[in-house]
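Numbering (my numbering), first residue to last: 295 to 902. From the three backbone atoms N, C-alpha and C, an ideal C-beta is built for every residue, glycine too. In this text, all values refer to a predicted model and were calculated from it rather than measured experimentally.
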RNA sequence: GCCCCUGUAGCUCAGUUGGCAGAGCAUAUCCAUGGUAAGGAUAAGGUCAACGGUUCGAUUCCGUUCGGGGGCUCCA
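Shown next as structure tokens:
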């Protein structure tokens, strides 16, 4: 039941999860600062609305809140606008700000509000939902908006250089597809010009690291519209990465007490009816195919298959815990508009596992999973990790005692590992609570990767049991977990985190041997072969290009080690090194170089 | 799916206010004796996403379809 791919692209909300309650008390200063910037952003939204009112008479207003990196306002324009109109709006906003207008708050009755906004259908709808006597309006210049506030005192507190209109986008009124589509104008806004510029630089950096761009440049993967969007083709270099990653993943799983399973890609409708997926997950499953007289579905999840294996024999409490892992490829329907490179796809391989255990093992098991996950993230070079604990929603299955015990074990595990965490009250799936881990990447973005989820649904539906000490049949606990999430999505995040310059052990090409002139091709080949025989991915660059061009090419490919060879090196069985960092070291004995590279590979070192 | 933007050579992009399509990189061939981020020349490479409409004529304008991008959670 893992919902690994239901994760929104990073630009949304990466500074903050959907959190209803925080364990951490912001200092008063921070809280004050947050309030100030919110006030500024929200006030700017009003200024934008005023500007739009000036430029597009007859426009209808939706809402205009502050958001993580600025603000937006939703409008219904009399005629469509284009990106070109943004600069005119921005200009008008600056003019308004210069006028030094006060924001004036007034409280009015519901009836007065309805009268005031009689031409504004969306405002009227909002007023409907408000209580009498608590209705406030804010006015600046000739613009009046229904608004709770607070706002800055005057437009003079707004800095014309610290905001920038971003894009126009469609957005349904109140996020509801059945309601009219409004035109949303997004803007960035910060306390100061410098902060805005920092943020814009971060966005540029993100663009530079974009995995779709690097995937093409580094020849790692592709997608093909004519063969089906949202389906990933791993090229030889992406394949090298994946094989290395999977090999390590398997080794680690065996070391951590897991067994590895392989299960089919399709299953009869019986399986999905029993699991309940045809009830609550059907919208994400592909249409069935008919084989003989039966309907088969392509799997969107691996769990029912693992349960089938569990049920091939009876299990004593002595057999538990079972830790069963699979790199299972699943297919899920995603609407075409949400597909995004490797991050949101229609077919992907989960690094899935199911832990089946007794009630008194559950705490240790959760702790083990968490530890395992953290150790993997450490090896992969992600240092900052935060946990999000999602608790029981209103509608749920499973006995309350189980939910409580599950939650306690999740909390204890987080505490023992000393992780920062936030609680998402009621945010769990109907079938169980979960911990999600978000990792922070090199430019500060958070990505949700690991998920550890209890499942109180399937063990019931499949009637999973074990025989306890007292000889009675009991229901085991089942936990789904994915550490990397999916290999596709992980690859995308990894590419962006390292901007393509992976640690040596995961680099498709580890060493480029570059002769300074064609007369040293033979020695270059010898060097490459020597390294290859030791298990290093080395290639001799023997084209007719000049050395400079080869270095540039290797550098662009982020190859960690460039071994430059010429007369001196050939005579002394040496190499001269250029690292992808630009550092140079000359006259290194070939043996010494090989040993160094092997050590970096074996240690999964993050440096060269 | 819906809104806006977008689709020209393998890649990155120009361009035609409607008149038989261009550059750089990559590729191929040739020349070039070269020490740490692109040596030079020549050639090959495109039904300008697909289909339909307007027009003497469409890659260009219009429509539809199929992709790609940004959004569609933030509640006055």
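- Secondary structure at residue 720, three-state DSSP: helix, strand or coil? Start at 1 with the first residue of the first chain, and residue 720 comes out as number 426. Assigned with DSSP and collapsed to three states, residue 720 falls in coil, not helix or strand.
- Quick one: residues in its chain with C-beta nearer than 7 Å to the C-beta of residue 415, no 5 flanking neighbours on either side, listed in chain order? To locate residue 415, count along the first chain from 1; it is residue 121. Once the five neighbours on either side are set aside, the close Cβ partners of residue 415 are 354.
- Separation of residue 618 from residue 544, as counted between CA atoms: Position 250 of the first chain holds residue 544. Position 324 of the first chain holds residue 618. Approximately 12 Å between the Cα atoms of the pair.
- Message: Quick check on the DSSP output: the beta strand (DSSP E) that includes residue 651 runs from which residue to which?
- Response: As a first step, residue 651 must be located in the first chain, where it is residue number 357. Per DSSP, residue 651 belongs to the beta strand (DSSP E) from 641-651.
- Taking residue 742 as part of the beta strand (DSSP E), name the residues at either end of that continuous run. Residue mapping note: residue 742 aligns to position 448 of the first chain, counting from 1. Counting along the chain, the beta strand (DSSP E) containing residue 742 begins and ends at 740-748.
- For residue 511, name the three-state secondary structure that DSSP assigns. Residue numbering aside, residue 511 sits at position 217 when the first chain is read from its first letter. Of the three classes helix, strand and coil, the one that applies to residue 511 here is helix, per DSSP.
- Message: As an exercise, report each continuous alpha helix (DSSP H) stretch of at least 4 residues that is fully enclosed by the segment 730-794, in chain order.
- Response: The qualifying runs are 752-755, 781-792.
- Message: Quick check: what's the CA-CA separation for residue 546 versus residue 622?
- Response: The sequence position of residue 546 within the first chain is 252, counting from 1. The sequence position of residue 622 within the first chain is 328, counting from 1. Cα to Cα, the separation comes out at about 17 Å.
- Message: Can you tell me where the beta strand (DSSP E) holding residue 453 begins and where it ends?
- Response: The count along the first chain starts at 1 and reaches residue 453 at position 159. DSSP places residue 453 in no beta strand (DSSP E); its state is neither H nor E.
- Message: So residue 725 and residue 756 are supposed to be a Cβ contact under 8 Å. How far apart are they, rounded?
- Response: Taking the first chain and counting its residues from 1, one reaches residue 725 at position 431. Taking the first chain and counting its residues from 1, one reaches residue 756 at position 462. Between residue 756 and residue 725 the Cβ distance is about 13 Å, and since that is not below 8 Å, they are no contact.
- Straight-line Cα distance separating residue 330 from residue 324: The residue labelled residue 324 in the question sits at position 30 within the first chain. The residue labelled residue 330 in the question sits at position 36 within the first chain. For residue 324, the predicted structure reports a pLDDT of 44, less than 50, and the residue's modelled location is therefore unreliable. The matter cannot be settled from this model.
- Opposite residue 856 in the DSSP bridges: which residues? For this step, residue 856 is matched to residue 562 along the first chain. Bridge partners of residue 856: 806, 872.
- Along the beta strand (DSSP E) that carries residue 467, what are the first and last residues, could you check? Against the first chain, residue 467 aligns to sequence position 173. No beta strand (DSSP E) contains residue 467, which DSSP labels as neither H nor E.
- Within the same chain, show all residues whose beta-carbon is closer than 6 Å to that of residue 686, passing over the 5 residues directly before and after it, in chain order. The residue given as residue 686 occupies position 392 in the first chain. So the list reads 697, 722, once near-sequence residues are dropped.
- Rounded to whole angstroms, what's the CA-CA distance from residue 427 to residue 434? Just pull it up for me. Reading the first chain from its first residue, position 133 is the one you call residue 427. Reading the first chain from its first residue, position 140 is the one you call residue 434. Roughly 22 Å separates the two Cα atoms.
- Item | Check whether residue 802 and residue 831 have beta carbons under 8 Å apart | Indexing the first chain from 1 puts residue 802 at position 508. Indexing the first chain from 1 puts residue 831 at position 537. Yes; because the gap between Cβ atoms is below 8 Å, this pair is in contact.
- Query: Based on the DSSP output, what are the partners of residue 553 in its beta bridges?
  - Reply: On the first chain, position 259 is the one that residue 553 refers to. 618.
- Assigned exposure category for residue 518 - 16 Cβ within 10 Å defines buried: For the purposes of this step, residue 518 is taken as the residue at position 224 of the first chain. Residue environment: residue 518 is assigned as exposed (fewer than 16 neighbouring CB atoms within 10 Å of its CB, all protein chains considered).
- Task: Just tell me which of 342, 565, 349 has its CA closest to the CA of residue 357.
- Result: Counting from one through the first chain, the residue named residue 357 turns up at place 63. If we check each option's Cα against that of residue 357, 342 comes out closest.
- Task: Check whether the segment 401-411 touches the segment 443-451, counting contact only when three or more Cβ pairs, one atom from each stretch, lie closer than 8 Å.
- Result: No, because fewer than three Cβ pairs between the segment 401-411 and the segment 443-451 fall closer than 8 Å, the two stretches do not touch.
- Query: Whole alpha helix (DSSP H) runs in the segment 647-691 with 4 or more residues, listed along the chain?
  - Reply: Listed in chain order, they are 656-673.
- Item | Beta-carbon separation (whole angstroms), residue 727 vs residue 760, contact threshold 8 Å | Working through the first chain from its first residue, we reach residue 727 at position 433. Working through the first chain from its first residue, we reach residue 760 at position 466. Not really, about 22 Å apart at Cβ, beyond 8 Å.
- residue 596 versus residue 691 - alpha carbon distance: Mapped onto the first chain, residue 596 falls at position 302. Mapped onto the first chain, residue 691 falls at position 397. For residue 596 and residue 691, the distance between alpha carbons rounds to 20 Å.
- Item | Contacting residues, own chain, Cβ-Cβ under 7 Å from residue 610 (five flanking each side not counted) | One-based indexing of the first chain puts residue 610 at position 316. In the same chain as residue 610, and ignoring 5 residues on each side of it, the C-beta atoms closer than 7 Å to its own belong to 760, 761, in chain order.
- Task: With a cut-off of 8 Å on the beta carbons, I'd call residue 913 and residue 526 a contact; round off their distance for me.
- Result: Outside the shown range of the chain (295 to 902) lies residue 913, about which nothing can therefore be said.
- Message: Is the beta carbon of residue 508 closer than 8 Å to that of residue 531?
- Response: Within the first chain, the letter at position 237 stands for residue 531. Within the first chain, the letter at position 214 stands for residue 508. Residue 531 is not a Cβ neighbour of residue 508, given a cutoff of 8 Å.
- Is residue 705 helix, strand or coil when you go by DSSP? Within the first chain, numbered from 1, the residue matching residue 705 stands at position 411. Correct three-state label for residue 705: helix.
- How about residue 806 and residue 833: do their beta carbons lie closer than 8 Å? The count along the first chain starts at 1 and reaches residue 806 at position 512. The count along the first chain starts at 1 and reaches residue 833 at position 539. The Cβ atoms of residue 806 and residue 833 lie closer than 8 Å to each other.
- Query: If you drop the 5 nearest sequence neighbours on each side, which residues of the same chain put their C-beta closer than 7 Å to that of residue 874?
  - Reply: Position 580 of the first chain, counted from the first residue, corresponds to residue 874. Taken in chain order, the residues that qualify are 795, 849, 852, 853, 854.
- Could I get the ranges of all uninterrupted beta strand (DSSP E) runs contained in the segment 327-352, with 3 residues as the minimum, in chain order? Uninterrupted beta strand (DSSP E) stretches at least 3 residues long and entirely within the segment 327-352 do not occur.
- Message: Between which two residues does the alpha helix (DSSP H) holding residue 395 run?
- Response: Here the question's residue 395 lines up with position 101 in the first chain. First-last for residue 395: undefined, no H or E at that position.
- Task: Given a cut-off of 8 Å, decide if residue 561 and residue 599 are closer than it, judged by their beta-carbon atoms.
- Result: Indexing the first chain from 1 puts residue 599 at position 305. Indexing the first chain from 1 puts residue 561 at position 267. In this structure, residue 561 lies closer than 8 Å to residue 599 by Cβ.
- Item | Alpha-carbon spacing of residue 809 relative to residue 838, whole angstroms | As a working note, residue 809 is residue 515 in the first chain. As a working note, residue 838 is residue 544 in the first chain. Computed Cα separation, rounded: 11 Å.
- Query: Which class does residue 606 belong to by DSSP, given the choice of helix, strand or coil?
  - Reply: Here residue 606 refers to the residue found at position 312 of the first chain. DSSP, reduced to helix, strand and coil, places residue 606 outside both helices and strands of the structure shown, so it counts as coil.
- Length at least 4, wholly inside the segment 517-597: the alpha helix (DSSP H) runs in chain order: Complete alpha helix (DSSP H) runs here, min 4: 530-549, 563-569, 571-574.
- To the nearest angstrom, report how far apart residue 877 and residue 870 are at their CA atoms. Taking the first residue of the first chain as position 1, residue 877 is located at position 583. Taking the first residue of the first chain as position 1, residue 870 is located at position 576. Rounded to whole angstroms, residue 877 to residue 870 spans 11 Å at the Cα level.
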